[in-house]
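> What follows is a structure written as structure tokens; I'll ask about it next.
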Amino acid sequence: MSELIPHTTDGAGEAAGQSAARTARPGGAGVGHWTMDPRAGTHTRDADLNRLLGLAAAETAGALDEFFAHVHPDDRGAVRAAVGAAVRGAAPLRVDFRVPLPDGSARWLRTAGGAGGAQALAGVCVDVTDLKGTEAALRTRAARYRAIAANLPNGAAVIIGPDLRCLLAEGEAFRVLGFSVADLEGKTLAEAFGPELAAVYEPHYRAALAGEPFRVERAAHGRHFITHGVPLREDGGTVVAALAVSYDITDRVHAEEAARTGAERLQLILASATDHAIFTLAPDLTVSDWSPGAEAVFGYTAAEIVGRPVDELFTPEDRAAGVPGAEVAVALRTGSVADERWHLRKGAERFFASGALTPLAGGRGFVKVLRDLSERKRMEDELRQNRDLLEEKVAARTQELAAALESRASEMLRRTEFARRLGTAQEEERQRLARDLHDTVGQTLTGLALAAAAGQIEQVRRLADELSRELHDVAVRLRPTALDDLGLAAAARELAAEWSARAKVPVDFQAVGAAGDRLPREIETALYRVVQEALTNAARYAGARRVAVVVGRRGDEAVAVVEDDGFGFDPDSVPRAAIPGRRGGLGLIGMRERVDLLGGELEIDSAPGSGTTIIARIPLRELEAREAGS
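Residue numbers for the sequence shown follow the UniProt record's numbering, so the first one is 1 and each next one is one higher.
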């Protein structure tokens with residue numbers, strides 16, 4: 001320390017240091033006091049200073065080096081140099097430094113003391129951490145202002161202090177005009193911009209410094225500028241400077257002049273076009289100009305319509321659908337939009353028109369050209385109505401003819417198919433009858449002839465009785481009388497009982513639907529034959545131990561169900577129609593043919609070892625309606 005702070009014996013210097021310390025003592029917990037004796041290499045700290053250093057709040061005396069030990073290492077050299085200069089009398093002691101705190105943060109202190117060769121120094125330390133933060137924020141803000149100003153397109157920013165000097169000057173507009181920061185910052189208005197411009201802007205800057213914003217347009221250096229100025233205030237509200245932002249609006253001024261010229265030219269065009277409605281819209285879609293032709297088409301005078309929304313010229317349904325805004329969007333996207341739609345004249349009269357909407361350059365609005373098509377629309381509608389009426393009549397007549405032809409063709413096809421299937425069914429019945437006569441009646445007659453030849457009268461009588469029964473059975477199989485007299489349920493019940501007695505297999509019979517409810521004759525016959533054939537198959541092939549039969553009406557269908565617990569089979573192995581030269585499955589094919597002829601369907605549910613269920617369904621509505629009509 002001795003080489004940095006020389007020893008002094010000047011009592012006046014000590015007094016000066018103490019006087020400075022007393023002068024600096026403001027009181028409060030944010031201020032601490034110290035004394036230094038460079039000759040003895042000692043110092044003292046009061047409790048407030050220890051608190052600022054993050055130490056116990058008590059007065060302390062110790063070596064001078066211990067004081068420096070509490071200073072941040074990066075600031076320690078500057079503090080030693082400042083103390084040495086104060087001891088030598090070169091300058092009063094004033095230095096800012098950081099103090100590391102136990103929690104890892106740092107506190108900024110500012111120390112001040114006397115100067116002038118004193119034997120001892122006395123001074124204060126003040127906590128300036130918040131001040132340092134504020135200064136950093138101000139530097140950041142100033143840098144931000146400068147960055148913003150430097151990047152203003154065609155603009156510039158100036159901050160003017162209370163003495164009317166430029167504190168900050170930055171922006172593209174200054175560079176375009178050939179100014180640099182050095183030409184402007186620190187200069188008065190007159191020094192920076194010349195007496196003429198200074199005289200124009202000085203009253204505005206003084207107004208801003210007094211708290212009043214301003215706006216001014218001015219030509220300078222061959223360009224046009226618009227300047228907006230506002231006061232800059234501290235947090236407390238005190239005005240400390242004026243901020244002015246200027247934009248180069250030369251291009252805009254020229255564009256406005258061109259627009260005025262174009263508007264005058266457009267006005268001449270609008271006045272000369274009397275057979276078209278030509279009008280312009282402002283960017284907010286209000287009518288901004290109205291031609292004589294528009295007045296003739298819509299009925300509004302310019303005084304009545306200018307300034308009103310263009311929506312009023314559209315129908316309520318188009319307004320509700322957002323058509324005006326949609327037209328604008330398409331025009332902006334594609335450069336123009338054409339349409340044909342209904343519009344409203346004054347008085348809400350509708351008329352049909354074609355129009356085109358085009359954006360004006362520079363976003364200044366739109367121009368619309370519209371032509372009244374009411375007469376053409378009326379003629380087109382009349383032609384369309386006549387054409388539609390003719391097309392409807394032709395379509396109706398064509399449909400009638402097509403329906404008649406389709407009905408006739410369908411009937412012919414149905415009759416042909418019915419005849420073919422009927423012939424097949426009849427042939428099947430003949431074959432069945434031939435087999436029955438051969439297998440039963442034929443054998444009985446042979447036995448009867450042999451018995452008669454042998455003179456066996458009792459045997460002849462017995463065989464004659466048996467022959468009578470066989471002939472009765474054949475007659476029943478051809479057409480059971482119960483089917484005609486009592487209906488499907490009674491005939492099927494009798495058939496099931498006779499089959500059960502003959503086959504010695506129990507039959508569970510059930511009739512569904514209202515008792516005595518008769519079905520159309522051909523349906524009863526078809527379902528009876530299905531039950532008959534299914535029972536025959538069950539006796540011949542199934543080896544069934546029990547059979548269930550259900551017949552009758554369910555809703556709009558006539559049904560017959562025959563279920564057995566026999567051997568079962570694979571339904572896919574049986575063809576759905578007769579195959580020439582092949583006899584297998586003819587019983588099932590016959591059942592399916594009978595049901596198909598009546599528009600029904602036959603379902604066979606079976607598998608080897610799982611029994612068989614045969615379900616026949618025939619719709620009733622069509623046949624009942626046909627019978628009722630006949």
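Glycine is no exception: its CB is placed at the ideal position from the N, C-alpha and C atoms.
1) From which residue to which residue does the beta strand (DSSP E) around Arg-51 run?
2) Quick one: which unbroken alpha helix (DSSP H) runs of 4-plus residues sit fully inside the region 181 to 240? Chain order, please.
3) Classify Glu-557 as helix, strand or coil using the three-state DSSP reduction.
4) I'd like to know whether the C-beta atoms of Glu-327 and Leu-373 end up nearer to each other than 8 Å.
5) Would you tell me roughly how many angstroms separate the C-alpha atoms of Val-126 and Phe-179, rounded to the nearest one?
6) According to DSSP, what are the bridge partners of Ala-277?
7) Exposed or buried, which one is Glu-204 when buried takes at least 16 other CB atoms within 10 Å?
8) Pop quiz: residue 649 and Gly-600 are said to be a contact at Cβ under 8 Å. What is the actual Cβ separation, rounded to whole angstroms?
9) Which first and last residues belong to the beta strand (DSSP E) in which Thr-613 is found?
10) Measuring CB to CB, does Asp-224 end up less than 8 Å from Thr-188?
11) Restricting to Cα atoms, I'd like to know which of Gly-62, His-343, Ala-534 is closest to Arg-371.
12) Got a sec: does the ligand MN put a non-hydrogen atom nearer than 7 Å to the Cβ of Tyr-247?
13) Could you have a look at Ile-249 and say whether DSSP puts it in helix, strand or coil?
14) If you draw a straight line from the alpha carbon of Arg-521 to that of Tyr-541, how long is it in whole angstroms?
15) Can you list, in chain order, the residues of its chain whose CB lies under 7 Å from that of Gly-186, leaving out five sequence neighbours each side?
16) Suppose you measure from the CA of residue 632 to the CA of Lys-393; what does that come to, to the nearest Å?
17) Under the DSSP definition of a beta bridge, which residues are partnered with Thr-111?
18) Return the residue from the list Pro-38, Val-31, Val-99 that minimises the CA-CA distance to Ala-47.
19) Does DSSP classify Thr-42 as helix, strand or coil?
20) Measuring only the C-alpha atoms, how far is Gly-355 from Ala-329?
21) Which stretch, first to last residue, makes up the beta strand (DSSP E) that contains residue 631?
22) Would you mind sorting Glu-563 into buried or exposed? The rule is 16 or more other CB atoms within 10 Å of its CB.
23) Would you mind stating whether Val-79 and Val-71 have Cβ atoms separated by less than 8 Å?
24) Taking the CB atoms as reference points, tell me whether Ile-615 and Val-559 lie closer together than 8 Å.
25) For Pro-580, count neighbouring Cβ atoms within 10 angstroms of its own Cβ and tell me buried if that reaches 16, exposed if not.
26) Check each candidate in Val-176, Leu-527, Leu-389, Gly-62 and name the one with the smallest Cα separation from Arg-594.
27) Which class does Thr-35 belong to by DSSP, given the choice of helix, strand or coil?
28) On the CB-based measure, 16 or more other CB atoms within 10 Å of its CB, does His-33 come out buried or exposed?
29) Count the CB pairs spanning the region 358 to 367 and the region 381 to 390 that are closer than 8 Å, and state whether there are at least three.
30) Check this for me: beta carbons of Gly-566 and Ala-538, under 8 Å apart or not?
31) Alpha carbons only, please: which of Asp-163, Gly-609, Val-369, Arg-308 is nearest the one belonging to Ser-336?
32) I need the DSSP call for Ser-573, collapsed to helix, strand or coil.
33) Determine the DSSP secondary structure at His-343, reduced to helix, strand or coil.
34) Looking only at its chain, what residues have a beta carbon closer than 8 Å to the beta carbon of Arg-146, apart from the 5 residues adjacent to it on each side?
35) Taking Arg-350 as part of the alpha helix (DSSP H), name the residues at either end of that continuous run.
36) Counting C-beta neighbours from all protein chains within 10 Å, is the total for Gln-532 16 or more, i.e. buried, or is it exposed?
Well, looking at it:
1) Looking at the DSSP string, Arg-51 is not in any beta strand (DSSP E); the run it does join, the alpha helix (DSSP H), is 47 to 52.
2) 181 to 184, 189 to 193, 195 to 209
3) strand
4) no
5) 43 Å
6) Leu-370
7) In the sequence under discussion, the amino acid at residue 204 is His, which differs from the Glu named in the question. So His-204 counts as buried.
8) Given that the chain is displayed from residue 1 to residue 630, the structure contains no residue 649 and the question cannot be resolved.
9) 612 to 619
10) Checking the sequence, you will find His at residue 224 rather than Asp. For His-224 and Thr-188, no; Cβs fall outside 8 Å.
11) His-343
12) Looking at this structure, you won't find the ligand MN or any other ligand, since it has none at all.
13) coil
14) 30 Å
15) Arg-165, Cys-166
16) Residue 632 lies beyond the range of the chain shown here (1 to 630); nothing can be said about it.
17) Val-95, Cys-125
18) Val-31
19) strand
20) 15 Å
21) In the structure displayed, the chain extends from 1 to 630; residue 631 sits before or after that span and is not available.
22) buried
23) yes
24) yes
25) Interpretation of Pro-580 is limited by its pLDDT of 39, a score under 50 that renders its predicted location unreliable; no figure is taken from the coordinates.
26) Leu-527
27) strand
28) buried
29) no
30) yes
31) Val-369
32) helix
33) strand
34) Leu-168, Glu-170
35) Premise fails: Arg-350 lies in the beta strand (DSSP E), 350 to 359, not in any alpha helix (DSSP H).
36) buried
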